[in-house]
Every structure is written in structure tokens, then in C-alpha cells.
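Residues in the sequence shown are numbered from 228 upward in steps of one, following this note's numbering. See below for the structure under consideration.
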Amino acid sequence: MKKILIFSLLFLITSLISLSFSQDIPINVYNPKVQKVAKPLYLAIIWHNHQPPYYDPEQNLNILPWVRMHAIKDYYDMAYILKNYPQVKANFNMVPSLLYQLELYTKKGIKDKYLLLTEKPADQLTLEDKEFILRRFFDVNWDRIIKRFPRYWELLNKRGQSIDDTVIAKAIQSFTTQDFRDLQVWFNLAWFDPDFQKYDKDLSRLIEKGRDFTEEDKKIVINKQYEIMSKIIPLYAELQKNKQIEVTTTPFFHPIMPLLVDIKSAKIAVQDIALPNATINYADDASSQLSMAVNYYKKFFRSNPKGLWPSEGSVSQDIIPIVSSAGFMWMASDEDVLAKSLNTPIVRDSRGNVVNTDILYQPYVVEEQGKKVYMVFRDKNLSDKIGFVYSGMKGENAAKDFVNRLESIYEKVKDDNKPYLVTVILDGENCWEYYENDGKEFLHTLYKLLTDSPYIETVRLTDYLNKFPPIKKIEKLHAGSWIDGTFLTWVGEQEENKAWELLDKARTELIYETLKQRKTFSPVLNPDSLKNNIEKAWFELYAAEGSDWFWWYGDDQDSTNDLAFDELFRKHLINVYKLIGKDIPQELFLPIVKIGEERPLQNIQAKFTPNIDGLINPEDEWKNAAIYLAKKGTGLSVKPADFIEKLYLGLDNDNVYFLVESKTNFKDYFGKPYYLAIYFSNPNQKEYNLYPRNGNKTLGYGIAYEVLIDFSKINSTGEIEAILNQALSNNSWKQQSTLKAGISEKYVEIGVPFKELKVQGRNQIAINVVFGKEEPEDVIPYYAPIYLTVPEKKLDITYFSIDDPVGDDYGWGKVVYPTAPVFKPGVFDIIHVEMGKSKDDIVFKVKIRGDLENPWGSPTGVSVQTIDIYINDGKEGPYYYQALPGRQANIPEGWNKAIWAEGWIQELVVPALDEKGKVQLKEIKGVVQLTADPTERTIIISVPEKYLGPVTPEWKILVILCGQEGYPRSGSWRVREVEEEAKQWRFGGGDDFYGDPNIIDMIVPPGIKQEDILSKWVSSEDEEENVYVELPLIPLRILINQ
């Protein structure tokens, strides 16, 4: 690492010497004289700028490049563009940990892995370097950015639009040294803001050049990035000094303050939320993180901040004294929090416009313990229009729509003689790559229209509140965030709660050692000057308190790089223990997240029961097994294993079976110190061992059981014992039983009863096979374990079992799959649905035609499908008459319970009346369980009967299947869109507007064709217009008769 950093420093120095900078982006001042009306509608826009703390102090490296990339594309430009519009005022929230990382780049000279691999000469790239570059240097919007540059697009197509190992291996062979150098340059060059690309003469020259870049060209690009990063903070300070913007802040490492102060506050929004087994009352930490933010702010802006954007808009009554004592005048949150605080819903008309404007469009004051804080609340609809909707429109039209909506609000309130305030808050960096030309047309048109409008006046929030201090008081501030007014994104799921428990253990040890050394606990730290190991340990702990780790834990969010975030979170806690000289708990060496899943050469085709004799007899008895090649290494560094050729895995309802094929002759190992071991996790068992026998590297999970064959104990007769051992922690074992096994020259065969592993139906267990001599030699699979779902035995009661037509996965008749290879034939084709009861659960089994694979590594084993089950139980309502948002369908008979099940989200949804008597959808988390049974190509969904009620013949049911979408449009509950033309990630055969159903398959009443129902849609350009198809519910008594 030291050599790399020395090389990087020399690279930077030579770049600085060799490069002369171009002038800044030209400014075209738009400053007409516009007479504002006496009582305009005030508009406060807050652009929230934040990146997770990517810095790894052990490596002195940022693990990901997004601080640097968003700096050159968004952070500078978003402020600089305002110089063109001096009459427009804006607010920018700059999270201290983002400013800290900018300082690390520009003042400390840190790098990130992507930057190191950019700087490395292309002719010196290793195989590992090339693999990383080919996988990661296309991480930018393909349609909006890569396609703009012919050479970059050419390189993407030369690589292929997939990152499968075979595709990458082929690309490594086909890419020349010049191709790699051009890719190094283009990844960094394409991320620049379009104005830099156009007006900076060096960058524009390189873009015009397009290809055949040199190592000197790379130096120009990287040095420009450092130049821009160094100008960002001074630019914001200048604009604030000129009173055009107000810069606000956030607690230093972006923690969820209400959860730090009292994690039980999560129960205010969700009473039945599962909380971690830890006492989280860290009010002192919250106060210190705020004070650190204030001090760090003063370093750059020479004044105290007045405004606070609490991380994720997360607030509670309990944080008011802390926020006020830190010197803040005001803070902001979301309209959901306001509605729940006042016990009054924000009512909207059919176009999303607020009806009760006097509720949302004014500031409030909140008081606690003699302390007060002003509060404003964002208009969710207007904010999300910019964040998620307008990117699909022409920029000019989108800006006009936004301003028209504001002027409609003005028309509604103009006669009230009150200073109405509309607050719009959204991320300042994440949406623009989805806009044409990085949103330039939208932003320029927006600021021009706001300048021209006599009815709208943009404000800095502190200016507004000084002029119009709030009159109305919130008696008790709801504990919630801008994500649905709850804290479910950061606590409540198993992974999230585990992380909180690990954090609490580390903090307890740190407090003990702090007091032992007579230091101050929860200290207010200066990040630029940490004086001793205790302060350094607290800095690491504060970093671990940040919201980002908990955001990515659990099923509800996916970063596509959860392992990296998980590793960095645990590393912060490990560093705490190291700095205070304490033993590191073994659980910190195990991933909290699922580490991935090895994909076999062949999936299990069907259940079977082999004869355990060490022979393949008959020859086809293992034909239905999953097959795994024994390999070493990862990615393109893979090579064959040393001893084992293949692993075959099968199962029946009671056992899991293993056939291990040797490269040589197993008999050669008799009487010698070799062993074969099979390792299992158990989700129900707390005791586990960290490492396999004689090993020092984890398998990615806690090992609960080991099946061991010790070759040193096998005599010439070949009689073998397979010993089942239970883990006792600290890498000790207790023999539990002896299992049947068979051995021949080529094969070892073992059967393991599920009851011996103490697992139940629908439990998911991790499995590895290890062959070793004194220590592990071959680990199969090498990169990630096999995840096996324990089969559920026959349902206690079967209510119905019905076939669905094969091959009708075409929606309304003409829908076709997206073009990405992950969408394999039949993965959206329901062929059978069964409903029954198992113990206390109502169970639905949905079988599909295609292989049930998990290409995106969801924690449930299901990736691409979303299943909805709608129930009308005939009892009292309220009822809801549309399918869940995004499906674009009506259900005229109504439903009062819906099950929403996909890889990352499983919820029971029920209609509920709000305080005004309006039906709202209530999401109940933690009661729906989804498991995958790839053997049967079946998705199993279970809900405790107490949540659904007893099943009766009066029930009516509907089951639909959609595509799961991790990046849905605003208002859609994570289903993949059907558009006119099929694209990489979009179904085709529908309409680019609204109206066509995003449903790919469904069960229908007998005698009715699916396409007859789904084809009755009407295209509409208005998202609010309900022109959707009508879906019938099927009476349960009919299904029972089927």
C-alpha cells in the first residue's frame, strides 16, 4: 500500500507541474426587473448533499469513488449555476462527513481504489486490475451518459452488457492495452459536469479526441478533478457570504438522532416493530455529533449554522433540547411527520395538489424543556417530482410544470394575506444522471421561470423565519423520518438489529475504558486533531453510528455493494476494540449481510433419495442433483481445486445428500491425515464456531454443525464413519451422532437428516464442503456458500391447488421480457398456485415455469419476481379498490388484505381510515415470510393466521406476478414498468405513458383468458387519470372445486 501511495503522490505532483488550468464556466447573468406581488408565495429549496463515509483509515483509502465523482458532476455545478440567476435564493445542506472526505482528498491526498486503478499505467495492469476495471468502470447511467460518447459506448458493447465471468474473461482477451487506457480515461471524463466538458478547453479537447488517450491525458483528467474538489467549499462560502444561499448542516456522521437518543422511539410510528436486544440511549453522542457539526461548519463558513437537516429528516420530541442547545434556530422534516404530529392528514386532489394548504405551507414551533426550535416540512409530491418524475420529461416542460404547480398554490392562497411557504427538499446529487444533459435544461429553465414569476419569491430559510417567525405550535412532534414517517429503514429487520447490538457492545466497552482512563465519554472531537487512542476510538464509534450502514442492512434497501458497507461498518467497530486494547468479539469477523451465493452448473431438478454406498448406482441416480465445480480463487483468478473435482447436492423431504467426486483416488488418503468435512449454519442456534476445522478464514457464516470424515481413521477395508459434531463456540466441537456414509475410489456419499441439524421447514441454511490435510485445502464452493431452503412437509390443510396456463407470461397479450440476460425464459410464468395451512400459518405456494434463481443475491432467494395476493374476506372494511401502487389496475370488488412479496420487501398491506375518514394503505412489516424452493421452482409465502383471520369459503382471492424493480418511478411500489419497446431493464409491448398494466401473469377465473382482462387498458399521459384495467377476484369456493 505504501508503494501505491508514493506512486500516487508522484503522479499528482507531476500532474500539477505539467498542467495549466482553463478558465471557469462562463456566467450569463439573468437579472430582469420583476415586480413581485405584495404577498408572494415563498419557496425554500434545500438541496441535500451527502455521501456515506467511505474512508477506511486502516488502508488510508476511500473504498468507493462517489465523493469524487459527484464533486465533479454535481456539488460544484449545483451551486455555481446560481451565479447566472442572482435573484434566486437557495439552501444547501452539506453533511460534515462529506466535507471531511473532500478535505481528505484535497488536503490529505487520499485516493480511492478506482482512482488508483485509473492512475496505474495501462500496460502495467494485472489480470485482477483488468477484471475490476471491466466490471466497475461502466458504473454510470448508460443511456444518459455513456451513449453520449461514441468511444465509451463502443467499449461497453465490446465488453458486453453483462458482468458474468464468461463475458469479462472474453473481454480481457479482446481488450487491447489502448482499450483499457481509453476506458480508464472515459470513466473519469464522462463523470464531469457537461459544462466542464464543454467549456474547459483541456477536457473538451480530450472529448473531441475521443480515443487513443495517453498516460499524460489521464493526468490532465485526474488533476482537473482535484482542482474542482478544492473549489467546492470556497464556492459555497462565497455564495453564502453574498447572501444568495444558506448552507445548513447535519449531525457529523449523519446518524438518526431520535434512534440514538432512544431507540424505542421507533415504536411510536410502528408499535409492533422488533427492536434490537440492546439499550440504545445515546443522547450524549447525539449532542456531540451536533456540536462537532457546528464546529466543523465554522471552520469553513466562519459563522454558526442556523438551519439543520436532521439525517433523513428524522426528528422526535426528545431531540428538541439537544438541537436548540447546539444553537440551531430551525430544522426541517417531511410532511408525513407533520401530518402525524398534528393528527391531520395532508389532503391532496387528483393531481397531487395540496388541499389543506394552511397546514403544510407554514412553519411551526416545537418546545421541550424550555427549549424551542422552528420547523418546516417539505412538500413530498413537489420534491419527488424533481427527484423521480421529471427526469422522464423534457427539461423545459418539467420546469414549467413545477412552476405552474407553484403558481396554482399561489392562486389558492393569495387572498389569505399570510406568508405561505412551500418547502422542497431532496438529494442534491442523485437524480441528475437520469435527466437529459445532467438536468441543465431543467435547472436553467426553473431558475429563469422563478426569476420571472411575480408570484413566487425564493428564500433562504433563516431569512424567511427571521421575517416571519412561526405562530403555530406543535404540541408533540412525531418520531419519524422522511421515509414514510417511520424509522423502519434503519431498525427492525434482523440485520439492522444485529448491527445495533454490535454497536452497543462496542460502546459499552469504550465507555468502561474511557472512565477507567478518566477521560470524557461522548467527547466533542476535532476530526483534524485526535489527541489519543480514546479520542480515536470515539471517532470510529461515531462513524459507526451513521445512518448509512443501517440503511443498507436488511431487505428494504440494496446498494449492489452491501458487503463493502458491511465490512466497513464492522471495521469501525473492530478499530474501537483495537484502539482500547480489548479482545475483538468473533462475531465482528463474520458478515452481517449474506455474502452472496454460488451458482451451480446445474440446479436441483427434482427431489430424490440416493442409495448411500459411495457409488453412482444406478448411473443416473444423481441426475437431478445440483452440480458444483470445485474451484479456487474468485472472478477470473479461478483455477481448479487441488483434490476435489465436483460436488453433487440433492435432497428429499427429510435429508440433504452429498456426493463428492475426487480428482484422484480417495483410497490413497486412507490412514493419512486428510479429512472431508461438511459445514452447516443454523438460523435457530446461537452457539457457533468462526472457522472450519484447523482453518483461519471464515466461510461467511457462523458454523453450527460439522459432518466429519477423518481419513486417518479409515483402514484398508474402507469402513468409514461420518461424525456429526455440534459447534460449542471458540472452535471446539461436541460429537452428536454418527451418520451413514459410503466411499469408493472416486466418490464419497453422505446423507444428513434435517432433524439432526435441528432445522425446520422453510429455514435457510448455508453449506460448504471442505477437504483438507491438517488445514483446509479445497473449499466448495470457494467464494460463497450454498444456500438451501429446508423443504416444508405437506401442508396440514390444502384449501386449493390450481394450475395456470403455461406460457401466458405475456401480460395483456403482447408483453415481452426485458433484454437483459438475467430475465430468463419462464421466470415470470405462473404455472401452479396452492394455498393451505401449516401449523399457525396460511401458506401460498406459487410455482413458475423457469428456473428460480437469485441473480441479484436477495436475502430470500428471490430476485426478479414480485407477487401480490389480494384477499377480500367478506368482512367489514374499509376496502381498497385499486391494486398496489405501480401495478396500474383496479379491483372493483375491493380487497381488505394484500400480501406484497418480493426478494427485499415482504409486507401485509391493509386499508385503514385516517382521521378524515379517507382510506389509506397501512404497511405491516415483519409478518410475511418469503422463501424460495429452487428445487420445485416455487416461491413460498406464509403469514400467521392471526393476521389474516380464519379462512372461509366467502374469501375471494387474486394472485398476480410482476417484475421486481429496485429503482422504481415515484409512486410505484417497486414493480418493473411495461413500456412500448423492450429495453435492458424494461418490459416491452405496452405504452410509454400511463394506463397499461405492469402485470405479467395472473390466475384468472375458470373459462376466462388472462389477455381478455388485461387488454382492456387505455393510454393516458396523465398519471392521475384512472384508466386502468379491472381485475376480478376469484371466490375461494370456486378454487376449492377446481
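For glycine and all other residues, C-beta sits at the position ideal for the given N, C-alpha and C.
Grab the span of the beta strand (DSSP E) containing residue i for me, first residue to last.
| i | result |
| --- | --- |
| LYS627 | LYS627 -> not in any beta strand (DSSP E); alpha helix (DSSP H) instead, spanning 622 to 640. |
| VAL649 | 648 to 654 |
| LYS599 | 598 to 605 |
| LYS1183 | 1183 to 1190 |
| TYR1108 | 1107 to 1109 |
| MET556 | Neither: MET556 is in no beta strand (DSSP E) and is coded neither H nor E. |
| TYR453 | Taken as a continuous stretch (DSSP letters only), TYR453 belongs to no beta strand (DSSP E), being part of the alpha helix (DSSP H) at 442 to 468. |
Among residues of its own chain, excluding the 5 on either side of residue i, which ones have a beta-carbon nearer than 8 Å to its beta-carbon?
| i | result |
| --- | --- |
| HIS799 | GLU767, LEU768, ALA770, ALA771 |
| PRO697 | GLN589, PRO590, TYR591, VAL592, TYR601, MET602 |
| ASP576 | VAL582 |
| THR441 | ARG408 |
Since residue i and residue j are thought to touch, with beta carbons under 8 Å apart, how far apart are those beta carbons, to the nearest angstrom?
| i | j | result |
| --- | --- | --- |
| LEU1260 | TYR1026 | At roughly 15 Å, the Cβ-Cβ gap does not stay under 8 Å, so LEU1260 and TYR1026 are not in contact. |
| ASN1117 | TYR1255 | 5 Å |
| THR281 | ILE272 | The sequence as given places Tyr at residue 281; Thr does not occur at that position. Incorrect: roughly 27 Å between the Cβ atoms, too far for contact. |
| VAL521 | MET558 | Not quite, the Cβ-Cβ distance comes to about 13 Å (not below 8 Å), so this is no contact. |
| LYS1051 | ASP1078 | 7 Å |
| PHE1214 | GLU1204 | 7 Å |
| VAL649 | LEU737 | About 44 Å; that fails the 8 Å criterion. |
| GLU668 | PHE604 | That belief does not hold up - the Cβ atoms of GLU668 and PHE604 are roughly 29 Å apart, past 8 Å. |
| VAL630 | SER680 | 6 Å |
| GLY969 | GLY841 | 3 Å |
| PRO1232 | ILE1265 | 7 Å |
Tell me which same chain residues have a C-beta within less than 7 Å of the C-beta of residue i, skipping the five on either side of it?
| i | result |
| --- | --- |
| SER457 | THR333 |
| TYR647 | LEU268, TYR269, THR584, TYR588, GLN589, VAL640 |
| TYR661 | ASN368, ARG371, SER618 |
| ILE801 | ILE811, LEU815 |
| VAL256 | ASN311, PRO313 |
Between the C-alpha atoms of residue i and residue j, what's the straight-line distance to the nearest angstrom?
| i | j | result |
| --- | --- | --- |
| ILE652 | THR476 | 14 Å |
| GLU983 | GLN912 | 13 Å |
| ARG371 | CYS658 | 12 Å |
| ASN759 | GLU285 | 16 Å |
| ASN844 | ASN838 | 7 Å |
| PHE234 | GLU346 | Per-residue confidence for PHE234 stands at a pLDDT of 41, beneath the threshold of 50, marking its modelled position as unreliable; the derived number appears in the next sentence. Those two C-alpha atoms are separated by around 9 Å. |
| GLU1019 | LEU878 | 12 Å |
| VAL474 | GLY622 | 26 Å |
| LEU676 | HIS275 | 22 Å |
| ALA954 | LEU344 | 42 Å |
| ASN892 | ASP869 | 13 Å |
| GLY999 | ASN952 | 17 Å |
| LYS357 | ASP775 | 30 Å |
| PHE248 | ILE337 | Confidence is the limiting factor: at PHE248 the pLDDT is only 44, short of 50, which leaves the residue's position unreliable and the question unanswerable from this model. |
| ILE252 | GLN424 | 10 Å |
| ARG687 | TYR303 | 19 Å |
| LEU1263 | PRO1032 | 19 Å |
| GLU825 | TRP1200 | 29 Å |
| ASN664 | THR672 | 13 Å |
| ILE460 | ILE819 | 36 Å |
Here's a check: name, in chain order, each residue in its chain whose Cβ is nearer than 6 Å to the Cβ of residue i, leaving out the five neighbours to either side.
| i | result |
| --- | --- |
| LYS1074 | ILE1058, HIS1059, ARG1164, THR1165 |
| VAL865 | LYS858 |
| ARG989 | GLU1019, THR1158 |
| PRO292 | ASP339, TYR341 |
Between which two residues does the alpha helix (DSSP H) harbouring residue i extend?
| i | result |
| --- | --- |
| TRP960 | That residue, TRP960, is in no alpha helix (DSSP H); its beta strand (DSSP E) goes 960 to 966. |
| LYS1102 | Where LYS1102 is concerned, there is no enclosing alpha helix (DSSP H), given that its DSSP letter is neither H nor E. |
| ASP937 | Counting along the chain, ASP937 falls outside any alpha helix (DSSP H), though it belongs to the beta strand (DSSP E) covering 932 to 937. |
| TYR1255 | Where TYR1255 is concerned, there is no enclosing alpha helix (DSSP H), given that its DSSP letter is neither H nor E. |
How about residue i: is its Cβ closer than 7 Å to a heavy atom in the ligand ZN?
| i | result |
| --- | --- |
| GLY712 | Only the bare structure without any ligand can be found here, which leaves the ligand ZN out of the picture. |
- Query: Should the region 955 to 967 be called in touch with the region 892 to 910, which here means at least 3 C-beta pairs below 8 Å?
  - Reply: no
- Query: Is there contact here, the region 1154 to 1169 with the region 713 to 732, by at least three beta-carbon pairs under 8 Å?
  - Reply: no
- Taking contact to mean at least 3 C-beta pairs separated by less than 8 Å, is the region 733 to 753 in contact with the region 487 to 497? no
- Message: Under 8 Å: do the region 501 to 518 and the region 537 to 554 share three or more Cβ pairs, one atom per stretch?
- Response: yes
- When the Cβ atoms of the region 1026 to 1035 are set against those of the region 1053 to 1068, are three or more pairs found closer than 8 Å? yes
- Message: For the region 406 to 418 against the region 438 to 450, do three or more pairs of beta-carbon atoms, one drawn from each stretch, fall closer than 8 Å, so that the two count as touching?
- Response: yes
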